[in-house]
Amino acid sequence: MFITIAVIIIVLATFLLIIVNMFSDYTARREADMRLIINHAHNIIAETEELLLNQNQLPYSRTLVLVLHLRIIRALKKRLLDQKQQAQVKERIAEEQGIINEIKAKYKDTVAFKPPENDTMAMNQLRAIRRLRNILKSELKAGIPLNPSDIQKEDRRLYMLVLKVNISNLVQRVLEMKRLHQIGTCKQLIVKGLDVINKAGVKDGWLAEKADLLNQLQKGLDAEAKSTKKKKSAQPAAKSEEAKEMDEIFGDKKKW
């Protein structure tokens, strides 16, 4: 009888130990998963705040600013998992909601394009636009509380910005190649720029203006090339006439 009771106690103790270990493993995994979610949310907030601070590099629309602040709120709600930070996070969420309300009431779009001053600025702008377009897509999938058509319209605007940054940078390079008299490269860039604008198939005043400029530059280069060719073709004839005159003066005298 005693042996039977001892065996039962050992079995129960073993079973209890297994349960405790399983619960401990579950708690550890849950804690690790929670920490991973919180860290991911922290990274999202940091990235979004960085993009908001760089508004001077690109024109931000009202829709885009709302998307970024709503993204911050969504990430902050995930940080509520950290009980130690809940009070601070709730306060931050309230602040962000206040900012959103103010944007909806007072924000004015500043979508005038600012051409990049150099290649480095152009690359930074293109990098930022790529990040913003990815954010728009991810937030749309996440069910952001904004009209999907407004987000799609904003994505189209950012696509237009990509075109404008590239064309602006191309025009600067065309003018630089023209200044350096690298006519071949200059013509190639002009053809490439016009091809990009034509294939875009969009009506935009800024792009139309740059297309006109590229066409004028192309006509000017063609005119210069024709003028140079004409001068070169005229040179042999002039030399021939000069040679005849020299022969008459210094050549052998004809016997009469």
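Numbering of the sequence shown is given in my numbering, commencing with residue 1 and proceeding in unit increments.
By construction, the Cβ of each residue, glycine as well, lies at the ideal position given by its N, Cα and C atoms.
Remember, it's a predicted structure, so these values are computed and weren't measured experimentally.
From the options, residue whose alpha carbon lies closest to that of residue i
i, options, result
"Ser160", "Leu170, Ala200, Val191", "Note that residue 160 is Met in the sequence shown, not Ser. The residue with the shortest Cα to Cα distance from Met160 is Ala200."
"Leu158", "Arg127, Gly143, Ile144, Cys186", "Arg127"
"Ala112", "Glu95, Gly205, Ile18, Asn101", "Gly205"
"Ile129", "Asn101, Asn118, Lys164, Ser149", "Lys164"
"Ile190", "Arg173, Val202, His181, Leu180", "Arg173"
"Ala225", "Gly184, Leu52, Arg131", "Gly184"
"Val196", "Glu102, Gln218, Leu221, Ile167", "Ile167"
"Asn59", "Asn147, Asn198, Leu132, Leu217", "Correcting the residue type first, residue 59 is Pro in the shown sequence and not Asn. Considering only alpha carbons, the answer is Leu132."
Alpha-carbon spacing of residue i relative to residue j, whole angstroms
i, j, result
"Gly260", "Asp150", "Because the chain is modelled from 1 through 256, residue 260 falls outside the range shown and cannot be assessed."
"Tyr26", "Glu95", "35 Å"
"Asn101", "Leu214", "45 Å"
"Ala46", "Gln83", "20 Å"
"Ile19", "Asn43", "36 Å"
"Leu81", "His69", "20 Å"
"Ile275", "Arg29", "Residue 275 is absent from the structure shown; the chain starts at 1 and stops at 256."
"Ile3", "Asn21", "27 Å"
Buried or exposed (CB count within 10 angstroms, at least 16 for buried), residue i
i, result
"Ser138", "exposed"
"Val11", "exposed"
"Phe250", "The pLDDT assigned to Phe250 is 45, lower than 50, so where the model puts this residue is not dependable, and the model offers no usable value."
"Thr63", "buried"
"His181", "exposed"
"Ser24", "exposed"
"Trp256", "Residue placement at Trp256 is flagged as unreliable, the pLDDT there being 37, under the threshold of 50; the coordinate-derived value follows with that caveat. Looking at its Cβ environment, which holds fewer than 16 other Cβ atoms inside 10 Å, Trp256 is exposed."
"Thr48", "buried"
"Gly193", "buried"
"Pro148", "exposed"
Next on the checklist: List, from N- to C-terminal side, the alpha helix (DSSP H) runs of 4 residues or more that fit wholly inside the segment 167-241.
Outcome noted: 183-200
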